[in-house]
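Visitor: Take this structure first; my questions come after.
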Amino acid sequence: MSDSAVSPRASRYGLRLRTDGIFLRILAAIGLSMVCAALLVAVAGHNPLTAFQAMVMGALGSPYQIGVVLNRTSPYLLAGAGVALCFRAGVINIGADGQIALGGIGATATVLAWPGPPTAITAIAALIGAALCGALWSGIATAINLGRRVNEVLVTLLLNFVALLLVQLLLSGPLGQRGAGFLQSPPMPRAVWLWRVPGFYFHSGILIGVIAAITLSVLLWKTPFGFAVRVTGRSRPAAAYAGFSVAGVTWGVMLTAGALAGLGGGVEVLGLHHRLIEGFSTGFGFKAVTVALLGALEPAAVIPAALFVGLLETGALAMQRQIGVPSALVVVIEGITMLFILTATVRRA
Amino acid sequence: MIDFLAAAIRIATPLVFAALGGILSERAGVFAVGLEGMMLMGAFAAVMGAWAAGSAVVGLLLAVLGGGAMGLTVAIVTVRCRADNMVTGLTANILALGLTTYLLHVLAGSVAIDVTPLGALPIPGLARIPVLGPLLFSQPPLTYLAVAGCAALSFLLYRTQTGLMLRATGENPEAVFVAGANPLRLRMVAVICCGAIAGLGGAVLSLQQVGTFTDGMTGGRGYLALASLIVGRWNPWGAAAACLVFGAAEALEFRLQSFGIPLSSYVVQMMPYLIAIAVLAGLGRSTKLPAAIGKPL
Chain D
122 MSDSAVSPRA SRYGLRLRTD GIFLRILAAI GLSMVCAALL VAVAGHNPLT
172 AFQAMVMGAL GSPYQIGVVL NRTSPYLLAG AGVALCFRAG VINIGADGQI
222 ALGGIGATAT VLAWPGPPTA ITAIAALIGA ALCGALWSGI ATAINLGRRV
272 NEVLVTLLLN FVALLLVQLL LSGPLGQRGA GFLQSPPMPR AVWLWRVPGF
322 YFHSGILIGV IAAITLSVLL WKTPFGFAVR VTGRSRPAAA YAGFSVAGVT
372 WGVMLTAGAL AGLGGGVEVL GLHHRLIEGF STGFGFKAVT VALLGALEPA
422 AVIPAALFVG LLETGALAMQ RQIGVPSALV VVIEGITMLF ILTATVRRA
Chain F
120 MIDFLAAAIR IATPLVFAAL GGILSERAGV FAVGLEGMML MGAFAAVMGA
170 WAAGSAVVGL LLAVLGGGAM GLTVAIVTVR CRADNMVTGL TANILALGLT
220 TYLLHVLAGS VAIDVTPLGA LPIPGLARIP VLGPLLFSQP PLTYLAVAGC
270 AALSFLLYRT QTGLMLRATG ENPEAVFVAG ANPLRLRMVA VICCGAIAGL
320 GGAVLSLQQV GTFTDGMTGG RGYLALASLI VGRWNPWGAA AACLVFGAAE
370 ALEFRLQSFG IPLSSYVVQM MPYLIAIAVL AGLGRSTKLP AAIGKPL
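Quick note, the sequences are listed as chains D and F, same order.
Here the first sequence is numbered in the working numbering, starting from 122 and rising by one per residue.
Here the second sequence is numbered in the working numbering, starting from 120 and rising by one per residue.
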């Protein structure tokens, strides 16, 4: 029974983790979902061991493949670290799809509007533009959430659909490449491409992600703001009693998460696709939530969590190419893993 | 005009089923974010059943079972294991998307799965009334069922002991417990039924409207149903009215394009979501959620 003596908000908000032995619980959840995945592979008439071997080899078999994994990991890491911070404050932000989309728009618009020849400065400006656009999108959600008391899950979710359509709208207009046949922007000049690690396929997005995650971890554990975030997530009445502004914390975590997700979108455009393409951010929001919970809402631990999801997906694509098991399997694995993690670790106050 | 209204009703039908299921779940105190996944499972199971057995009835039964299975999963994770409602619902949606895509490839391979869509079922006599006849009494069977569902759920919620207990579970589960009922069991049953009914909504999409299943074919309709049940204030008829508004918004999309009004189709496609946000924001502080919603027991 919930404790009705406490203000209802105390128990309505605040996603909490059972922290005793949390990494064991998460490992168990991953293990159990792998068993389910093996069953599904068997249903498809393939040998699960062969399938998993194809997955591992497809993700780690060559330096090129490892680069693919790191590229795939970058946006999950950036968006996931921000989502973890939001969840710590009891704010459930599932709008990373839209925030990443806006980041892509911001980066592309900056490059296209840049006066004079593009240089490395253009790339930096584009990344800043991406972060600002992502923050703008999460800011709109926050304003509606706080100002009009619409649940943050609903606002961020509905705004995802709007953002994806906004990408299409802009690509069919000012940002689009005429006569391309697809909805896409013109290709980016080589000068604004993200720096690539020599000899490897991966771009510097993963480095930005690691720096961001570690910075967030420091922010969360070593600063007054981080303390306010943690107290707010634990108990809103306690935060109010301590003089912290719940609205202020919500703005802080949402804008930070939006900016990071936007940066993730910019990194995708400048590092990987070298142009803005339709639907490039679809599904990233859920991945961000997955890695945030896999990483136990600890921004630094989101690094291995994002890597795991990146490995899984790269491996699944290779598995589909080599032995024909549909790569949609990986979506099932992610979903089942999440359900196991939720049952094993998350408990509301 | 009649065409336009008929299109609005057609588009609203799957939303109404999902919204009815969602009302059950939310009245019992569990956020219904998983509607999208429940609909998708229903849509998939319906087509698979109708394809394999050659009978729409089997398809509908499987839709109820498929949606119900998703409901059961959500019920176990949220009610029994006390996990966060919102995140669980979101996960259920993704799981359904992955599972249906995977199983479609495994079961059907590259075969196109086509079934005959359920046709219109004019009600003798009434269908011949001018204007109203073609609009209201020449609809496919599941559309009538949706209207009947609204009536049935209204009756259940407001005229029966079970309905009283169900509403009380969303407001004050402790009181239900003291009154001698089991709020946990009520929530479990409500969420499973929510899945079954939303599954029927998915069947409307796949079996009644297009006659095939495509990956992710619900395309956000579960979320619109969720918005409409909030706008309709957790009341079956209110939610159905909100669904009609969304149906009309989408029907308008096709009209505008055929009239050559210079408005980008992407802007028009955004309308249902923008309307949903605007209406939710407009209701703002006046929306009164069931008091105990999202709180684990």
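C-beta atoms are modelled at their ideal positions from N, C-alpha and C, and glycine is treated no differently.
No experiment lies behind these values; they were computed from the predicted model shown.
Which residues in chain D have a C-beta closer than 8 Å to the C-beta of D233/F? List them in chain order.
Guide: In chain order: nothing, as chain D lies at least about 20 Å away.
Visitor: Candidates L460/D, T435/D, Q443/D, T464/D: which alpha carbon is nearest L181/D's?
Guide: T435/D
Visitor: Looking at chain F, is there any beta carbon in it that lies within less than 9 Å of the beta carbon of P447/D?
Guide: True, the Cβ-Cβ gap to chain F drops below 9 Å.
Visitor: Which residues in chain D sit within 8 Å of Q388/F, going by Cβ to Cβ distance?
Guide: Under a criterion of Cβ atoms nearer than 8 Å, the residues of chain D adjacent to Q388/F are, in order, L286.
Visitor: Report yes or no: is there a C-beta of chain F within less than 9 Å of the C-beta of V410/D?
Guide: Closer than 9 Å to some Cβ of chain F, the Cβ of V410/D qualifies, so yes.
Visitor: When DSSP builds the beta bridges, which residues end up paired with D233/F?
Guide: Per DSSP, T331/F.
Visitor: Pull up the distance between the alpha-carbon of I394/F and that of A317/F, whole angstroms please.
Guide: Computed Cα separation, rounded: 22 Å.
Visitor: Report the three-state DSSP secondary structure of R270/D (helix, strand or coil).
Guide: coil
Visitor: Rank L179/F, A165/F, S144/F, A231/F by C-alpha distance to the C-alpha of L191/F and give the top, closest one.
Guide: For the residues L179/F, A165/F, S144/F, A231/F, the minimum Cα distance to L191/F belongs to S144/F.
Visitor: Using beta-carbon positions only, say whether Q305/D and L199/D come within less than 9 Å of one another.
Guide: no
Visitor: Can you say whether T458/D is buried or exposed, counting buried as having 16 or more other CB atoms within 10 angstroms of its CB?
Guide: Buried, by the Cβ-count rule.
Visitor: How big is the Cα-Cα spacing for V367/D and I187/D?
Guide: 42 Å
Visitor: Should P129/D go down as buried or exposed, given a rule of 16 or more other Cβ atoms within 10 Å for buried?
Guide: Because P129/D sits at a pLDDT of 38, beneath the cut-off of 50, its placement in the model cannot be relied upon, and the following sentence gives the value as read from the coordinates. With fewer than 16 Cβ atoms within 10 Å of its Cβ, P129/D is classed as exposed.
Visitor: Which chain F residues sit within Cβ distance under 9 Å of G369/D?
Guide: Ordered by position in chain F, no residue passes the 9 Å Cβ test against G369/D, which lies about 20 Å from the chain.
Visitor: How should T279/F be labelled, buried or exposed, when 16 other C-beta atoms within 10 angstroms of its C-beta is the threshold for buried?
Guide: When all chains shown are included, T279/F counts as exposed.
Visitor: Any beta carbon of chain D sitting closer than 9 Å to that of A211/F?
Guide: yes
Visitor: Chain D beta carbons: is any one of them nearer than 9 Å to that of D334/F?
Guide: yes
Visitor: Kindly give me the distance between the Cβ atoms of P260/F and L245/F, rounded to whole angstroms, as I take these residues to be in contact under 8 Å.
Guide: No, P260/F and L245/F are not in contact; Cβ-Cβ is about 15 Å, not under 8 Å.
Visitor: What does DSSP give as the partner residue(s) for R317/D in the beta ladder?
Guide: For R317/D, which the question treats as bridged, DSSP gives the partners H324/D.
Visitor: Is the beta carbon of L450/D less than 9 Å from the beta carbon of A437/D?
Guide: yes
Visitor: From this set, G406/D, L428/D, P184/D, which residue's C-alpha is nearest Y322/D's C-alpha?
Guide: Cα-wise, what sits closest to Y322/D is P184/D.
Visitor: For the segment 289-308 of chain D, enumerate the residues whose C-beta is nearer than 8 Å to any C-beta of chain F, in chain order.
Guide: Taken in chain order, the members of the segment 289-308 of chain D whose beta-carbon sits within less than 8 Å of a beta-carbon on chain F are Q289, L290, S293, G294.
Visitor: Go ahead and label S383/F buried or exposed: buried means 16 or more other beta carbons lie within 10 angstroms of its beta carbon, across all protein chains shown.
Guide: Exposure of S383/F is indicated by the presence of fewer than 16 other C-beta atoms within 10 angstroms of its C-beta.
Visitor: At a CB-CB cut-off below 7 Å, which residues of chain F make contact with G456/D?
Guide: T210, I213, L214, G217
Visitor: With a threshold of 16 other CB atoms inside 10 Å of the CB of G135/D, please say whether the residue is buried or exposed.
Guide: For G135/D, the pLDDT reaches just 48, beneath the cut-off of 50, and the residue's location in the model is therefore unreliable, although a value from the coordinates is still provided. G135/D comes out buried.
Visitor: Going along the chain, which residues of the segment 346-362 of chain F sit with their C-beta nearer than 8 Å to a C-beta in chain D?
Guide: A346, I349
Visitor: Could you have a look at Q258/F and say whether DSSP puts it in helix, strand or coil?
Guide: Q258/F: coil per DSSP, three-state reduction.
Visitor: Check the Cβ of V423/D against every Cβ in chain F and list those closer than 7 Å, keeping chain order.
Guide: Here the premise fails: no neighbours, minimum Cβ distance about 16 Å.
Visitor: Return the first residue and the last residue of the alpha helix (DSSP H) that T210/F is part of.
Guide: 204-227
Visitor: Given that A137/F touches chain D, what residues does it touch there, using C-beta distances under 8 Å?
Guide: By Cβ distance, chain D contributes nothing, its closest Cβ being about 15 Å from A137/F, past 8 Å.
Visitor: Roughly how many angstroms lie between the CA atoms of A410/F and T197/F, to the nearest whole one?
Guide: 17 Å
Visitor: Looking only at its own chain, which residues have a Cβ that is under 6 Å from the Cβ of A164/F, when we skip the five neighbours before and after it?
Guide: L181, A182, G185
Visitor: Do R306/F and L416/F have their C-beta atoms closer together than 9 Å?
Guide: yes
Visitor: Should L273/D and V212/D be called a contact, given that it needs their Cβ atoms to be closer than 9 Å?
Guide: Residue identity differs from the one stated: residue 273/D is Glu in this sequence, not Leu. In this structure, V212/D lies closer than 9 Å to E273/D by Cβ.
Visitor: Return the CA-CA distance between G302/D and I226/D, expressed in angstroms with no decimal places.
Guide: Rounded to whole angstroms, G302/D to I226/D spans 19 Å at the Cα level.
Visitor: Short of 8 Å in beta carbon distance, which residues of its chain neighbour T424/F, apart from the five on each side in sequence? Order them along the chain.
Guide: The structure shown does not extend to residue 424/F, since chain F is modelled only from 120 to 416, so the question has no answer here.
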